[in-house]
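To convert, count from 1 in the sequence shown and add 2; that's the numbering used here.
Cβ coordinates follow ideal geometry from the N, Cα and C atoms, glycine included.
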Amino acid sequence: MNYFDIIIIILVLFFIIGSALGITLILYIYYRSSSGIIIFKVDKINNRVLRITNSYSFVSTIFDSKKSNFKEFNYLSLNDFLEYFDEKSIEKFNRVFETFIPENNFETIEVNINKKYHKNFTLVEKFILLIDKTITNMRSFKVVISQNSTRDYICSLKWAKSSKKPKNFKLINFAREENFKLESQNNLVIGMLLKPEFYFKEITEIDIYEIFLLFNLNYKKTYYFNDEGMIYFIIKNPWKSKLNEVNAIVKKVVKNRFLNKLFNIATCFTYYEIKTNNDLNRIKNILKYSLYHIYNKPNEIDEYINLNETIFKNEYFLEFNHNLNKYHVINNSSEGEFDIKKSMIVKYKTQEKGNLFLLECDLKKGVLSDSWASFFKKIPYLEYKYQTIWYNYISEIQHENSLNSMVKISQEVFLDPHFTPLTNKPICLVYAENNSFLTEELREKIMHNSENNVYTALYIQDIDRTLINIINTVDKLRVLIIGQKISQRLNDWTVFYECFNIIKLLKSKRIRVVFENPLNNLDDLIVEKLNLNYAFYSLEKEQKNIP
3 MNYFDIIIII LVLFFIIGSA LGITLILYIY YRSSSGIIIF KVDKINNRVL RITNSYSFVS
63 TIFDSKKSNF KEFNYLSLND FLEYFDEKSI EKFNRVFETF IPENNFETIE VNINKKYHKN
123 FTLVEKFILL IDKTITNMRS FKVVISQNST RDYICSLKWA KSSKKPKNFK LINFAREENF
183 KLESQNNLVI GMLLKPEFYF KEITEIDIYE IFLLFNLNYK KTYYFNDEGM IYFIIKNPWK
243 SKLNEVNAIV KKVVKNRFLN KLFNIATCFT YYEIKTNNDL NRIKNILKYS LYHIYNKPNE
303 IDEYINLNET IFKNEYFLEF NHNLNKYHVI NNSSEGEFDI KKSMIVKYKT QEKGNLFLLE
363 CDLKKGVLSD SWASFFKKIP YLEYKYQTIW YNYISEIQHE NSLNSMVKIS QEVFLDPHFT
423 PLTNKPICLV YAENNSFLTE ELREKIMHNS ENNVYTALYI QDIDRTLINI INTVDKLRVL
483 IIGQKISQRL NDWTVFYECF NIIKLLKSKR IRVVFENPLN NLDDLIVEKL NLNYAFYSLE
543 KEQKNIP
């Protein structure tokens with residue numbers, strides 16, 4: 003073999019290696035995900051981890067190697083899973099896994115990858131991960147952890163190749179633009195219902211950028227809107243595969259409602275060219291139809307996502323819009339088309355009526371079907387929009403002692419600076435969706451009101467640290483109502499002991515306790531220890547039209 007042949011062989015080898023590297027880089031750029039969510043369940047009793055979501059293609063993260071056992075619906079030992087992370091991160095995981103997380107609450111931790119981890123990687127995967135270290139330097143992840151009814155820990159690990167907000171990323175709310183147009187013939191809409199606390203709390207650029215990362219959005223092709231208790235994004239000319247990708251993320255969000263701090267309900271659909279504000283109104287109509295139904299019927303999500311322009315001819319969609327518009331007109335009317343329901347607080351053992359009662363504003367019979375009225379009243383934003391009107395109507399109509407009457411008010415309405423309860427108005431019975439009370443803000447408002455002899459009551463659905471903090475820092479609560487979610491489980495000794503500790507604290511503060519829909523014939527020991535003297539039965543409400 004002469005030198006010429008050797009040179010040819012070397013060149014061929016270089017060509018093959020170069021081609022392989024080129025193909026690898028193409029795969030690296032085009033076929034790997036740049037952000038995502040990995041959801042997994044930790045069974046602490048058996049020290050094992052179950053991955054719930056599938057693997058990302060082409061080793062998008064360190065958790066996705068072909069030889070790894072960390073695959074969808076496959077158990078991995080907890081020790082093997084923790085090896086992915088550095089020592090400080092393992093300590094964070096262990097700290098959380100040793101605590102109880104109340105329902106609808108979650109813990110968030112930031113964790114870092116173990117730089118020395120080298121198990122189960124092929125040669126190609128090692129090369130790709132080397133590129134990751136060199137180019138993206140992706141090391142840290144945010145993990146959100148909740149606990150289910152069987153005491154397993156449900157975790158979502160959020161990752162992105164670049165978690166830093168670009169310098170030229172600016173948060174512009176295009177809902178304020180008078181003549182927004184988008185000439186592209188193909189647009190993707192992603193919409194979310196805001197959590198109630200963000201009706202008045204500031205939404206930052208970082209908050210929105212996290213959503214961009216969650217859905218892997220190109221900020222140069224995406225337009226942001228914030229309007230009527232919803233945030234939504236319009237993406238022009240998305241790839242055909244983008245709808246499927248977004249659709250999968252939307253379903254994860256609805257199934258695991260703790261994934262994002264701004265929202266827990268989402269949807270997506272396609273829309274054609276946006277020429278006028280009428281197009282934006284039509285988009286909002288689809289969003290409301292989709293999001294409101296998913297909120298009330300999350301198990302039927304497939305019926306209300308991936309909609310398109312044919313929905314405008316759907317009879318049920320038209321019925322929804324007609325009744326929603328009617329609901330707005332009725333609530334904004336000065337004619338007062340309301341009935342007031344009155345629920346008496348009674349003594350638990352004798353059912354003798356006490357001196358406290360709960361008032362509730364409902365639409366009059368016949369102005370809207372019961373099913374639609376009930377449907378819309380469950381939507382937090384519509385409650386927020388009209389609760390002040392309902393409260394003022396009750397205050398003007400009812401003539402009984404205001405110190406003995408209560409009206410349920412969401413914490414978002416209660417904390418609104420324009421909402422001002424007075425001594426001659428009913429006591430506000432404040433509640434929070436999913437028991438997510440804003441401790442500091444509530445404390446300040448309750449204390450401020452008490453200085454003017456305006457009392458407050460709380461309605462709770464869970465016993466957690468937030469509740470204890472509120473009770474510890476507030477002396478001016480008049481009543482605390484323990485919701486039926488707790489009251490109907492007092493025979494469960496775990497629930498009993500949680501209540502017992504709270505009751506002791508409430509007695510020391512001289513706060514009256516009322517149980518909603520408690521079971522009949524509870525053991526005398528439970529009744530005595532929990533100071534179960536008063537109850538009200540919201541499932542057997544007496545309707546009363548007050549002149």
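Look at the alpha carbon of residue i and the alpha carbon of residue j, and state the distance between them as a whole number of angstroms.
i	j	result
Met-346	Leu-482	15 Å
Val-515	Ser-540	16 Å
Arg-184	Phe-42	It is Leu, not Arg, that sits at residue 184 in the sequence shown. One C-alpha to the other measures close to 39 Å.
Tyr-86	Leu-534	50 Å
Phe-502	Arg-97	26 Å
Lys-487	Ile-465	11 Å
Val-529	Glu-311	58 Å
Trp-392	Tyr-433	16 Å
Lys-367	His-295	23 Å
Asn-170	Glu-112	26 Å
Asn-451	Gly-338	28 Å
Lys-230	Leu-196	According to the sequence as given, residue 230 is Glu; it is not Lys. Their backbone Cα atoms lie some 9 Å apart in a straight line.
Lys-344	Lys-511	28 Å
Phe-75	Lys-244	25 Å
Asp-82	Ile-40	17 Å
Asp-88	Leu-521	50 Å
Leu-320	Phe-314	7 Å
Lys-499	Asp-372	A small fix is needed here, since residue 499 is Tyr in this sequence, not Lys. Approximately 39 Å, taken between the alpha carbons.
Leu-261	Val-255	6 Å
Leu-507	Leu-460	15 Å
Asn-114	Asn-280	48 Å
Lys-531	Ile-192	51 Å
Glu-518	Asn-228	37 Å
Phe-65	Ile-396	57 Å
Asn-283	Ile-276	10 Å
Do residue i and residue j have their C-beta atoms within less than 8 Å of each other?
i	j	result
Leu-444	Gln-413	yes
Lys-144	Thr-101	no
Val-456	Pro-419	no
Arg-480	Ile-429	yes
Ala-537	Val-348	yes
Leu-431	Val-409	yes
Asn-189	Ile-233	no
Phe-72	Tyr-155	no
Leu-384	Ile-332	no
Leu-173	Tyr-225	no
Tyr-297	Ile-267	yes
Phe-271	Ile-288	yes
Phe-359	Ser-407	yes
Ile-103	Ser-158	no
Span of the beta strand (DSSP E) holding residue i?
i	result
Ala-459	458-462
Arg-50	50-53
Phe-416	Looking at the DSSP string, Phe-416 is not in any beta strand (DSSP E); the run it does join, the alpha helix (DSSP H), is 413-417.
Leu-424	It is not in any beta strand (DSSP E) - Leu-424 carries neither H nor E in the DSSP assignment.
Phe-439	Segment: none, Phe-439 is in no beta strand (DSSP E) and carries neither H nor E.
Ser-67	Here Ser-67 belongs to no beta strand (DSSP E), and DSSP marks it neither H nor E.
Tyr-77	77-79
Ala-537	536-538
Pick helix, strand or coil for residue i, following the three-state DSSP scheme.
i	result
Glu-112	strand
Asn-228	strand
Trp-241	coil
Gln-187	coil
Lys-447	helix
Asp-154	coil
Phe-143	strand
Lys-410	strand
Tyr-201	helix
Ser-452	helix
Leu-84	helix
Tyr-221	coil
Leu-326	helix
Ile-47	coil
Glu-321	helix
Phe-176	helix
Lys-160	strand
Phe-314	helix
Identify the continuous alpha helix (DSSP H) that holds residue i and give its terminal residues.
i	result
Glu-93	89-99
Tyr-211	207-217
Could you tell me whether any Cβ in chain B is nearer than 8 Å to the Cβ of residue i?
i	result
Tyr-461	Looking for chain B here will not work: only one protein chain is present.
Quick one: which unbroken beta strand (DSSP E) runs of 3-plus residues sit fully inside the segment 328-407? Chain order, please.
340-349, 355-365
Complete beta strand (DSSP E) runs within the segment 465-533 (minimum length 3 residues, chain order)
List check, beta strand (DSSP E) in window: 479-484, 514-518.
Please give the ranges of any alpha helix (DSSP H) in the segment 235-311, keeping only runs that are unbroken, at least 4 residues long and fully inside the region.
242-257, 279-298
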